[in-house]
Amino acid sequence: MYGRILVPTDGSEASARAAEEAFAIAAEGGGTVHVLAVVDESPSSLLLTGESMGPLMERLNEEAEGNVEAIAADAPAGVDVETEVIRGTAVYRAIVGYAEEVGADLIVMGSTGRGGVGGILGSTTQRVTEHTGVPVLVVSDPAELEEE
Numbered sequence: 005m006y007g008r009i010l011v012p013t014d015g016s017e018a019s020a021r022a023a024e025e026a027f028a029i030a031a032e033g034g035g036t037v038h039v040l041a042v043v044d045e046s047p048s049s050l051l052l053t054g055e056s057m058g059p060l061m062e063r064l065n066e067e068a069e070g071n072v073e074a075i076a077a078d079a080p081a082g083v084d085v086e087t088e089v090i091r092g093t094a095v096y097r098a099i100v101g102y103a104e105e106v107g108a109d110l111i112v113m114g115s116t117g118r119g120g121v122g123g124i125l126g127s128t129t130q131r132v133t134e135h136t137g138v139p140v141l142v143v144s145d146p147a148e149l150e151e152e
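Take 5 as the starting number for the sequence shown in the working numbering and just add one per residue.
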């Protein structure tokens, strides 16, 4: 049913949980999991650091590569995984665009990521659900449910 499953990652525990779900779905249906990291090039994210642009972008790219590789390394035997790191000025738009590009049948995301404070969904997850025609499975953190 889901031949191409997209899992965006920001290196958070939430994205790792989402990847576990994606791997389980892919293992059952023989799908491929596309693990994506987006390097945020928005002015607001780049201005929050004192680093010069060259070293900053290099560090962000290396971090993103590490994030996708860490997720891919956790894939069970028999599950095909493809990894990609892209740049974007709006992370949610980059995710939606990549989902369209690879013909994703499902996007699996954590309910909150690194920036997720308060609310039900992290802002990136919420924006993806609002701007894509692809089904989105949102994986919650059991600890979040216990806090209510």
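Every residue, glycine too, gets a C-beta built ideally from N, C-alpha and C.
Would you call the CB atoms of residue i and residue j closer than 8 Å?
i: PRO41; j: VAL85; result: It should be noted that the sequence gives Ala, not Pro, for residue 41. Contact: no.
i: ASP78; j: ALA23; result: yes
i: VAL143; j: VAL106; result: no
i: SER46; j: THR93; result: yes
i: VAL43; j: VAL89; result: yes
i: GLY114; j: ARG8; result: no
Can you tell me which of the three DSSP states residue i falls into?
i: GLY70; result: helix
i: GLY114; result: strand
i: ALA81; result: coil
i: PRO12; result: strand
i: GLU24; result: helix
i: VAL132; result: helix
i: ALA94; result: coil
i: VAL106; result: helix
i: VAL39; result: strand
Taking only the alpha-carbon atoms, compute the straight-line gap between residue i and residue j and give it to the nearest angstrom.
i: THR116; j: GLU25; result: 15 Å
i: GLY82; j: ALA31; result: 7 Å
i: PRO59; j: VAL95; result: 21 Å
i: ASP145; j: ALA74; result: 19 Å
i: GLU104; j: GLU69; result: 21 Å
i: ILE124; j: TYR6; result: Low local confidence applies: a pLDDT of 47 at ILE124 is under 50, so the model's placement there is unreliable, with the coordinate-based value given in what follows. Answer to the nearest angstrom: the Cα atoms are 26 Å apart.
i: PRO80; j: SER49; result: 34 Å
i: LEU141; j: MET61; result: 30 Å
i: ALA76; j: ARG91; result: 19 Å
Under a Cβ-count criterion, where at least 16 other Cβ atoms within 10 Å of its own Cβ denotes burial, should residue i be classed as buried or exposed?
i: PRO12; result: buried
i: ALA28; result: exposed
i: GLY33; result: exposed
- Message: Contact between the segment 124 to 135 and the segment 91 to 101 is defined here as three or more beta-carbon pairs at a separation below 8 Å; is this criterion met?
- Response: yes
- Quick check: the segment 17 to 27 against the segment 56 to 65, are there 3 or more CB pairs under 8 Å? Contact between the segment 17 to 27 and the segment 56 to 65 is absent, because fewer than three Cβ pairs lie under 8 Å.
- Is it true that the segment 134 to 146 meets the segment 32 to 40, where meeting means three or more beta-carbon pairs spaced less than 8 Å apart? no
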